[in-house]
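Trainee: The C-terminal residue of the sequence shown carries number 1179 in the working numbering, and the numbering is unbroken.
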Amino acid sequence: MIKTGLVWFNNDCRVHDNPVLLEASLNCERLICLFCIDSHWDKATGLNAKALGETRRQFMNQTLLDLSAQLAKRGQSLIILSGDPVEIISSLVSRFDVSAVYRSQHVGVFENRQWQHLQADFPRLHFESIPSHTLFRPEQLPFTLQNLPTSFSQFRKQVEEIDIDPPLVMPKSLPPAIESLNAESEAVLVKPRTTAAFEGGEGAALAHLEDYFSGTDPAHYKEWRNELDGWHNSTKFSAWLANGSLSVRRLVQRLKRHEKQQTANESTYWIYFELLWREYFQWVALKLRHKLFSAGGVSNRQVRCCFYPERYQKWCHGNTPYPLVNALMKQLNETGYMSNRGRQIVASCFVNELQLDWRFGAAYFEQQLIDYDVAANWGNWQYIAGVGMDPRGGRHFNIEKQSRQYDPDGRFIRKWHGEVSSPQLDSVDAADWPILPPKKP
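(1) Among 1096, 1145, 1106, 821, which has the Cα closest to the Cα of residue 1121?
(2) Using the beta-carbon count (16 or more within 10 Å), is residue 900 buried or exposed?
(3) Along the chain, where does the beta strand (DSSP E) that runs through residue 773 open and close?
(4) Can you give me the Cβ contacts of residue 1173 inside the same chain, cut-off strictly under 8 Å, excluding the 5 residues immediately before and after it?
(5) Measure the C-alpha to C-alpha separation of residue 1139 and residue 1157 and round it to an integer number of angstroms.
(6) Tell me where the beta strand (DSSP E) around residue 1058 begins and ends.
(7) Which residues bound the beta strand (DSSP E) around residue 840?
(8) Return the chain-ordered ranges of every alpha helix (DSSP H) run that is complete within the segment 853–879 and spans a minimum of 4 residues.
(9) In whole angstroms, what is the alpha-carbon distance linking residue 1079 and residue 1118?
(10) Cα-Cα, which of 869, 883, 834, 828 is closest to residue 858?
(11) May I ask you to list the residues that DSSP assigns as paired with residue 1041?
(12) Per DSSP, what kind of secondary structure is residue 1173 in: helix, strand or coil?
(13) Using C-beta distances below 6 Å, list every residue in its chain close to residue 852, excluding the 5 sequence neighbours before and after it, in chain order.
(14) Could you name each continuous alpha helix (DSSP H) segment of 4 residues or more that falls completely within the segment 923–993, going from the start of the chain to the end?
(15) Assign residue 847 to one of three DSSP states: helix, strand, or coil.
(16) Can you list, in chain order, the residues of its chain whose CB lies under 7 Å from that of residue 1052, leaving out five sequence neighbours each side?
(17) Measure the CB-CB distance between residue 762 and residue 913 and report whether it falls below 9 Å.
(18) Tell me residue 782's beta-bridge partners as DSSP assigns them.
(19) Provide the residue(s) that pair with residue 742 in DSSP beta bridges, ordered along the chain.
(20) Cα separation between residue 746 and residue 774?
(21) Please determine, among 1152, 1061, 1066, 1037, the residue with the shortest C-alpha to C-alpha distance to residue 1124.
(22) Going along the chain, which residues of its own chain have a beta-carbon closer than 8 Å to the beta-carbon of residue 1011, five neighbours each way excluded?
(23) Report all residues from its chain with a CB closer than 7 Å to the CB of residue 757; omit the five preceding and five following residues, and keep chain order.
(24) Could you name the residues of the same chain whose beta carbon sits closer than 6 Å to that of residue 1021, not counting the 5 residues immediately before and after it, in chain order?
(25) Among 1033, 1065, 1154, which one has its Cα closest to the Cα of residue 1101?
(26) When you compare the segment 796–811 with the segment 837–851, are there three or more beta-carbon pairs, one atom per stretch, that lie closer than 8 Å?
(27) Between the Cα of residue 807 and the Cα atoms of 960, 771, 833, 780, which residue gives the shortest distance?
(28) Is the beta carbon of residue 991 sitting closer than 9 Å to the one on residue 902?
(29) Report back the beta-carbon spacing between residue 960 and residue 891 to the nearest angstrom; my notes put them in contact at under 8 Å.
(30) Beta-carbon within less than 8 Å of residue 783's beta-carbon, same chain only, minus the 5 sequence neighbours each way: which residues are those?
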C-alpha cells in the first residue's frame, strides 16, 4: 500500500466513472487531489491569442467549485494552486513524501512534456497515466497507433461494433486528504451568469444528461444539428466532455438506455456517430503529437502562412464583409460557444476568403471556446485547411449559400448584429497609393 499519492486532475474533472481516482483510492492511504492553474494560460502565444479567455475561465472556475464539492462528499479536498505545474507537483512530492502520481491520459504535447519532465526528475516515483477521456482503451483498438486509419470512415468501420466498457462504480468514500494543505488552496471566483447558457461542473453535466435523454430531442438530432442557434438543436454535451466533467462512457450508456426505452432511429445513431468523430480526433492527436500544431500538418504540405493583422482582427471581432461570419463570431465572443456548422463556416472563411494561416484561427478558438478540446479543435482546423488526416484536402464553404440555407430570413444575422459596417476587407490610405515614376522632361 502506498502511503501518499497525488491525483493530478486535468481533463477528468469529475468523480463518477473516474479510473484515475479509483486506482489511486485503491492503492493509497492518503491522497492529494490537485488541480493546477497553469500560469502560461494567461500569456499570449506566438499565435496572437492566449490559452484561456474570460468566458472559458469562468466555465473552468464553475467546474472546479463543483469538483471540490463532489470530492468533499467523499471525505476529500481539492487543492487548487497557480503556477508552473511541474514546480507545484515537485514541491508537493518533496514536502509530503509522495510515492505515486496519477493522471488521466492526455493527448496534448505540452501536457505530456510536463509529465515527462516530472518522470525524469523523480525516477523512483510511481507514475501512472490512465485513459479516461476516450471511449476505448488502447488495447481495445484493432490496430496500433502507428497504423491508425487515415480517414474517419475507415476508423469508424473498424471500431463501431466494439463493446464499450460500462462506467465504473466509484467508492462512496476516498482516502483522507492532508488537512494542512487546505489553507494553501486558492479560491476561484465565479461571476454571476449573464448570457452563457452553460454551467460548469459534474452536477450540471449529469443534470443535462438526464434532461436531454428524458425528452424527445434525441429523436430529431440529425435534422436539427446544423441549426446555428438554440439550446435544443444539438446535444450540447461538448463543454462537459472537453474538461471531463462528463464521462463519455456514461453518455453512451445513457444514449443506449434511451434507445432501448424510448426511441432508436437514425438521429440517435448519429449522436454515437459524432462521438466516434470525437474519438477519432483523440487518437489522431495522440499519434501526430507536435504535427497537430504545425502549419503543414500531417504531410508537411506547403500552405499559406500569411498574417494580415487587420483581416485577423476583423474576423475576431465580427467585422468582415460577410454578415453570417460576423454574426457567428459575435455569438462566440459573447457566449463562448458556436454550433459545429458555424465553426466550419468561419474557419473556411478564415482560410479561404481571408487567406490567413489556419493556426491563428485555431488558437483564437482555443482562447474563446468553453468546449475547447485540443484534439477536436486543432484536428478540425487541420481538416478545413487541408493538412489533416483526410486525403481529400481542405474544405471551402460558399458563404452566400450557407446563409441562404441556414439563415434564409436573416434572423440569426440580425440577432447577433452581423450587418456589414464596411464592405472593404483591407483599408486603403495614403501609404498604399501607388507612386508613379517621374515624368520625363
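Each residue gets a CB set at the ideal place from its N, CA and C atoms; glycine is no exception.
Mentor: The answer reads as follows:
(1) Per the Cα distances, 1096.
(2) By the Cβ neighbour-count rule, residue 900 is exposed, with fewer than 16 other Cβ atoms within 10 Å of its own.
(3) It spans 766–776 - the beta strand (DSSP E) in which residue 773 sits, taken as one unbroken run.
(4) Reliability fails at residue 1173, whose pLDDT of 49 lies under 50, so the model's placement of it is uncertain and the value that follows must be treated cautiously. Non-local C-beta neighbours of residue 1173 in its own chain, meaning closer than 8 Å and more than five positions away in sequence, are absent.
(5) Going from the Cα of residue 1139 to the Cα of residue 1157 covers about 17 Å.
(6) Taken as a continuous stretch (DSSP letters only), residue 1058 belongs to no beta strand (DSSP E), as it is neither H nor E.
(7) 838–842 is the extent of the beta strand (DSSP E) around residue 840.
(8) None, since the segment 853–879 contains no complete alpha helix (DSSP H) of that length.
(9) Cα-Cα distance, rounded: 12 Å.
(10) When each option's Cα is compared against that of residue 858, the closest is 828.
(11) The partner list for residue 1041 (beta bridge, DSSP) is empty, contrary to what the question assumes.
(12) Its pLDDT being 49, under 50, residue 1173 is placed unreliably by the model, and nothing is read from it.
(13) Excluding sequence neighbours, residue 852 sits near 823, 824.
(14) Counting whole runs of 4 or more residues, the segment 923–993 contains the alpha helix (DSSP H) stretches 940–952, 959–962, 976–980.
(15) Helix.
(16) Counting only Cβ-Cβ distances below 7 Å, and skipping sequence neighbours, we find 1058.
(17) Cβ atoms of residue 762 and residue 913: closer than 9 Å.
(18) According to DSSP, residue 782 bridges with 788.
(19) According to DSSP, residue 742 bridges with 768.
(20) Cα to Cα, the separation comes out at about 8 Å.
(21) The option with the nearest alpha carbon to residue 1124 is 1037.
(22) Closer than 8 Å at Cβ, skipping near neighbours: 894.
(23) Sequence-distant Cβ neighbours of residue 757 in its own chain, meaning closer than 7 Å and more than five residues away, are 868, 870, 906.
(24) Excluding sequence neighbours, residue 1021 sits near 886.
(25) Nearest to residue 1101 by alpha-carbon distance, out of 1033, 1065, 1154, is 1033.
(26) No, the segment 796–811 does not touch the segment 837–851.
(27) Looking at 960, 771, 833, 780, the one whose alpha-carbon comes closest to that of residue 807 is 771.
(28) Closer than 9 Å, so yes.
(29) About 18 Å separates the two Cβ atoms, so there is no contact after all.
(30) Counting only Cβ-Cβ distances below 8 Å, and skipping sequence neighbours, we find 789, 1101.
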